Structure formats: C-alpha cells, structure tokens
Amino acid sequence: MPNQFNHDTQEEVGLEVHQFWPLVRIRCSPDLLFFLCSMYTPICLPDYRRPLPPCRSVCERAKRGCSPLMSQYGFEWPERMSCENLPALGDETLCMDQNSSESTTTAPYVPKPTPKPRPRPHAPPLLGCERQCSCREPLVPTKRDFYSRSSRISTAHLPNCAQPCRQPYFSAEEHAFTAFWIGLWSSLCFVSTLTIVATFLIDMERFIYPERPIIFLATCYLFVSLGYIIRLVAGHERVACSISDPPHILYDTTGPALCTLVFLLIYFFGMASSICLDLVREDAGHLEEVSIADLPVLDAEEYRSSVHVQ
Numbered sequence: 001m002p003n004q005f006n007h008d009t010q011e012e013v014g015l016e017v018h019q020f021w022p023l024v025r026i027r028c029s030p031d032l033l034f035f036l037c038s039m040y041t042p043i044c045l046p047d048y049r050r051p052l053p054p055c056r057s058v059c060e061r062a063k064r065g066c067s068p069l070m071s072q073y074g075f076e077w078p079e080r081m082s083c084e085n086l087p088a089l090g091d092e093t094l095c096m097d098q099n100s101s102e103s104t105t106t107a108p109y110v111p112k113p114t115p116k117p118r119p120r121p122h123a124p125p126l127l128g129c130e131r132q133c134s135c136r137e138p139l140v141p142t143k144r145d146f147y148s149r150s151s152r153i154s155t156a157h158l159p160n161c162a163q164p165c166r167q168p169y170f171s172a173e174e175h176a177f178t179a180f181w182i183g184l185w186s187s188l189c190f191v192s193t194l195t196i197v198a199t200f201l202i203d204m205e206r207f208i209y210p211e212r213p214i215i216f217l218a219t220c221y222l223f224v225s226l227g228y229i230i231r232l233v234a235g236h237e238r239v240a241c242s243i244s245d246p247p248h249i250l251y252d253t254t255g256p257a258l259c260t261l262v263f264l265l266i267y268f269f270g271m272a273s274s275i276c277l278d279l280v281r282e283d284a285g286h287l288e289e290v291s292i293a294d295l296p297v298l299d300a301e302e303y304r305s306s307v308h309v310q
C-alpha cells in the first residue's frame, strides 16, 4: 500500500475488489484470482523498491476467460486494468507470472444453469491476499527508551514508526539543487533587506508614514532569510534530525536549540511579514481614496502669505 489505484488501506481495496467475487466463485479463469491480488495488493520486496505489476500474459488469460461472460450481462473489461498497460514477460520491466501447474485459460467458460440462490457468506475483503504491515525501510522504528513520546509517533497507522531523516523519494542531485536554490534566494533576500534596514537606521527621520510599514516588512523578511541561511550553514541533519541510530525526523518540541531557532525565525517572522503586508495593502487602498477635492484650498490672502518674495 498504496497501490496503483491510489488505495491507502486494505479496507478500500476490499470494497472495490469485492465486485469481482462472483467471477472468482464461478472460476471463469484460473488466473483471475492471481491477477486481482497482484493488481490490488502488489507484493513488496525488501531489495526491490519499484512497482512489481503482473505480466501482460496473466491479464490476457484472465480477460480471455472472463470477458465473454461479463459481456453477456452488459459489463466490459475495466479500462483501468487494460492489458496493454502491463509489461510483457521478458521485457526490461520486471513483472509477475503465475507459477502453477494448472492449465491456463484456453477458452471462454460457459456457466451451468444457476441453481436456486442460497445465502452466501460475506467474502473476505482481500480474497486471501492479506499482508501484515510492519515498520520497514525506508521508515525508521523508534525506541521507547529514547523518545518520551514514541507511542504518539506513527506513520500510516503504524505506531513507533517515524519518517527517515532524508526522504528516499528524491535523489541526491535533487536535494543538492533544492539546497542551492533556497540558499541563492535567501542570500539575495538577506542582502537586499539588510540594505533597507541599514539605510533606515542611518537616517530614521527620512522614512515616515506611509513608508515606515515597508521597513517593518523588510525587517521580517530579513529574519526569515536568516533562518534559511542558518539551516543551510548548520546542515539538515543538525537542525531537523534526531541523534538516534538510525536518525529520523524530529517529532518533539524538546529538540536541539538550532531546530527551535530556525522554527521561530521562519514561522514567527513569516507570519509577522504577512500581517505587515496586509497593513501596507490596506494603507495603499486608503491613499487611493484621497481625491483632490479632499485637499485644503488656500485663498488668495493665505497664498500670498505663504509665498516668500525674494
């Protein structure tokens, strides 16, 4: 789990695969049960991290035996289980074929007259394809004596199972590019906002309302970029990973000081910058509402008194 149909739990698989139970009961094809199990509950191998679908020949044999019977009742072979989408046996993509001495499907099955219906027991949700879940690689099992809240850590409903420190879904090149991209923009943001704040500190009377909120906004982004820079300089492992062996992502608030510092800089000043940005937009809207008619009008006497004659 999850399978190619985006089912996350075995209960979801059981609800959908149960519609094929009549075909399995009448054995329209000896390959149907194996085909359904391999499609809905794919096998997981410890040393093979890629999907392992059934071979195209398995699908064709199951379809050859069951598709004519489905057509008699107005049903078509599901498009999502099209045999053309599966790899052929012997291709570069590894696939599964049924290892059985029984004869495969050679001709469509012609059912006998249906006897008087009897109440049938409820079918098992996975048609005998149940698999026990465990915390295996790349997930990291946590230790109770190391983590005070290990019982609260769970991944996919597995207790005492944490995410790894480095996500295996991205390659080393993608991690390096992401670090470079974040470091580049955070450095540019730090230099530009530091220039704005330094200019303000040199001559504070120069920036009055409504320019003053822009200084506050630049200050917030200065500390946000500082948080990203600290994380890049210190390293991902020192900031976000535990000290256990093997390491995993931190789940507790009592982590190292660097983790708390980076969180406060990015989260607190990120929220403060959003508030400052809303205030700047609101002030800009008020300034646009001011028209020429709202400005004070000077009469001739006030104008002459305000003009300094050389």
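Under UniProt numbering, think of the first position of the sequence shown as 1, with each following residue one higher. Backbone N, C-alpha and C define an ideal beta-carbon position, used for all residues, glycine too. This one's a predicted model, so the numbers in the text were calculated from it and none came from an experiment.
- Message: According to DSSP, is Gln-10 part of a helix, a strand, or is it coil?
- Response: As a first step, residue 10 is located in the sequence shown; it is residue number 10 there, counting from the start. In this structure, Gln-10 counts as helix in the three-state DSSP scheme.
- Item | Euclidean distance between Cα positions of Gly-235 and Leu-89 | Numbered from 1 along the sequence shown, position 235 holds the residue referred to as residue 235. Numbered from 1 along the sequence shown, position 89 holds the residue referred to as residue 89. Their Cα atoms are separated by approximately 46 angstroms.
- Query: Grouping DSSP H, G and I as helix and E and B as strand, with all else coil, what is Cys-161?
  - Reply: Here residue 161 refers to the residue found at position 161 of the sequence shown. Correct three-state label for Cys-161: strand.
- Query: Taking contact to mean at least 3 C-beta pairs separated by less than 8 angstroms, is the region 182-189 in contact with the region 215-232?
  - Reply: yes
- Query: Can you name, in chain order, every residue of its own chain whose Cβ lies under 8 angstroms from the Cβ of Leu-139, other than the five neighbours on each side?
  - Reply: If you number the sequence shown from 1, residue 139 lands on position 139. Within the same chain, Leu-139 has close Cβ partners Thr-155, Leu-158, Cys-161, Ala-162, Gln-163 and Pro-164.
- DSSP-derived helix/strand/coil call for Ile-249: Taking the sequence shown and counting its residues from 1, one reaches residue 249 at position 249. Ile-249 falls in the strand class under three-state DSSP.
- Straight-line CA distance for Ser-225 to Ala-257? Here residue 225 is taken as the residue at index 225 of the sequence shown, counted from 1. Here residue 257 is taken as the residue at index 257 of the sequence shown, counted from 1. Going by the C-alpha atoms only, they are around 18 angstroms apart.
- Task: Excluding the 5 residues preceding and the 5 following Asn-3 in the sequence, name in chain order all residues of the same chain whose CB lies nearer than 8 angstroms to its CB.
- Result: Reading the sequence shown from its first residue, position 3 is the one you call residue 3. Once the five neighbours on either side are set aside, the close Cβ partners of Asn-3 are Val-13, Met-39, Tyr-40, Thr-41 and Pro-42.
- Item | Cutoff 8 angstroms; reference Leu-32; Cβ partners in own chain excluding five residues on either side | Along the sequence shown, read from residue 1 onward, the residue named residue 32 stands at position 32. The answer, listed in chain order, is Phe-20, Leu-23, Val-24, Ala-62, Gly-65 and Cys-66.
- Beta-carbon proximity check, Asp-91 vs Ser-57, cutoff 8 angstroms: Residue numbering aside, residue 91 sits at position 91 when the sequence shown is read from its first letter. Residue numbering aside, residue 57 sits at position 57 when the sequence shown is read from its first letter. No, the Cβ-Cβ distance between Asp-91 and Ser-57 is not below 8 angstroms.
- C-alpha gap between Leu-52 and Glu-60, whole angstroms: As a first step, residue 52 is located in the sequence shown; it is residue number 52 there, counting from the start. As a first step, residue 60 is located in the sequence shown; it is residue number 60 there, counting from the start. Rounded to the nearest angstrom, the two C-alpha atoms are 17 angstroms apart.
- Relative to the alpha-carbon of Pro-246, which residue among Ser-29, Pro-141 and Leu-45 has its alpha-carbon at the smallest distance? What you label residue 246 is simply residue 246 of the sequence shown in a count that begins at 1. Per the Cα distances, Pro-141.
- Message: Relative to the C-alpha of Leu-264, which candidate in Ile-249, Val-239 and Ile-243 has its C-alpha closest?
- Response: On the sequence shown, residue 264 is found 264 positions in, with the first residue counted as 1. Nearest of Ile-249, Val-239 and Ile-243 to Leu-264, Cα basis: Val-239.
- Message: Checking the sheet assignment: what are the DSSP bridge partners for Leu-45?
- Response: Your numbering for residue 45 matches position 45 in the sequence shown. Per DSSP, Tyr-48.
- Task: Decide if Leu-201 is buried, meaning its Cβ has at least 16 other Cβ atoms within 10 Å, or exposed.
- Result: For the purposes of this step, residue 201 is identified with residue 201 of the sequence shown, where counting begins at 1. Exposed is the call here.
- Query: Can the beta-carbon of Ala-272 be found less than 8 angstroms from the beta-carbon of Cys-220?
  - Reply: Here the question's residue 272 lines up with position 272 in the sequence shown. Here the question's residue 220 lines up with position 220 in the sequence shown. It is a contact, given that the beta carbons lie within the stated cut-off.
- Which of helix, strand or coil does DSSP assign to Cys-241? Along the sequence shown, read from residue 1 onward, the residue named residue 241 stands at position 241. Cys-241: strand per DSSP, three-state reduction.
- Around the C-beta of Phe-75, are 16 or more other C-beta atoms found within 10 angstroms, so that it is buried, or is it exposed? The sequence position of residue 75 within the sequence shown is 75, counting from 1. By the 10 Å Cβ count, Phe-75 comes out exposed.
- Look at the Cβ atom of Ala-218, then the Cβ atom of Val-233, and state whether they are nearer than 8 angstroms. Counting from 1 along the sequence shown, the entry for residue 218 is found at position 218. Counting from 1 along the sequence shown, the entry for residue 233 is found at position 233. No.
- Query: Going by alpha carbons, who is nearest to Asp-47 out of Glu-137, Ile-26 and Tyr-267?
  - Reply: Indexing the sequence shown from 1 puts residue 47 at position 47. When only C-alpha atoms are compared, the closest one is Glu-137.
- Looking at C-alpha atoms only, which residue of Thr-93, Gln-72 and Pro-54 is the closest neighbour of Ser-82? Here residue 82 refers to the residue found at position 82 of the sequence shown. Comparing Cα positions, the closest option is Pro-54.
- Message: Given this structure, state the Cα-to-Cα distance separating Ser-244 from Thr-260, to the nearest angstrom.
- Response: Residue numbering aside, residue 244 sits at position 244 when the sequence shown is read from its first letter. Residue numbering aside, residue 260 sits at position 260 when the sequence shown is read from its first letter. Ser-244 and Thr-260: Cα-Cα distance of roughly 18 angstroms.
- Task: Give the DSSP-derived three-state secondary structure of Thr-178 in the structure shown.
- Result: Along the sequence shown, read from residue 1 onward, the residue named residue 178 stands at position 178. Thr-178: helix per DSSP, three-state reduction.
- Buried or exposed (CB count within 10 angstroms, at least 16 for buried), Ser-274: As a position in the sequence shown, residue 274 is number 274, starting the count at 1. Looking at its Cβ environment, which holds fewer than 16 other Cβ atoms inside 10 Å, Ser-274 is exposed.
- Task: Measure the alpha-carbon distance for Leu-15 versus Cys-133 and round it to whole angstroms.
- Result: Start at 1 with the first residue of the sequence shown, and residue 15 comes out as number 15. Start at 1 with the first residue of the sequence shown, and residue 133 comes out as number 133. Distance between the alpha carbons of Leu-15 and Cys-133: 19 angstroms.
- Task: Give the C-beta separation of Phe-269 and Phe-223 to the nearest angstrom, bearing in mind that I take them to be a contact with Cβ-Cβ under 8 angstroms.
- Result: For the purposes of this step, residue 269 is taken as the residue at position 269 of the sequence shown. For the purposes of this step, residue 223 is taken as the residue at position 223 of the sequence shown. The pair is a contact, with the Cβ atoms about 4 angstroms apart (cut-off 8 angstroms).
- Query: Closest to Leu-277 by CA distance: which of Ser-242, Arg-212, Ile-249 and Arg-80 is it?
  - Reply: Within the sequence shown, numbered from 1, the residue matching residue 277 stands at position 277. Checking every option, the nearest Cα to that of Leu-277 belongs to Arg-212.
- Item | Thr-93 - containing alpha helix (DSSP H), residue span | Within the sequence shown, numbered from 1, the residue matching residue 93 stands at position 93. First-last for Thr-93: undefined, no H or E at that position.
- Message: Since Phe-34 and Arg-80 should fall inside the 8 angstroms C-beta cutoff, what is the C-beta to C-beta distance between them, to a whole number of angstroms?
- Response: One-based indexing of the sequence shown puts residue 34 at position 34. One-based indexing of the sequence shown puts residue 80 at position 80. Going by Cβ atoms, the distance from Phe-34 to Arg-80 rounds to 18 angstroms, so no, they are not a contact pair.
- Query: What's the call for Thr-93, buried or exposed, on a 16-neighbour Cβ count within 10 Å?
  - Reply: Position 93 of the sequence shown holds residue 93. Thr-93 comes out exposed.
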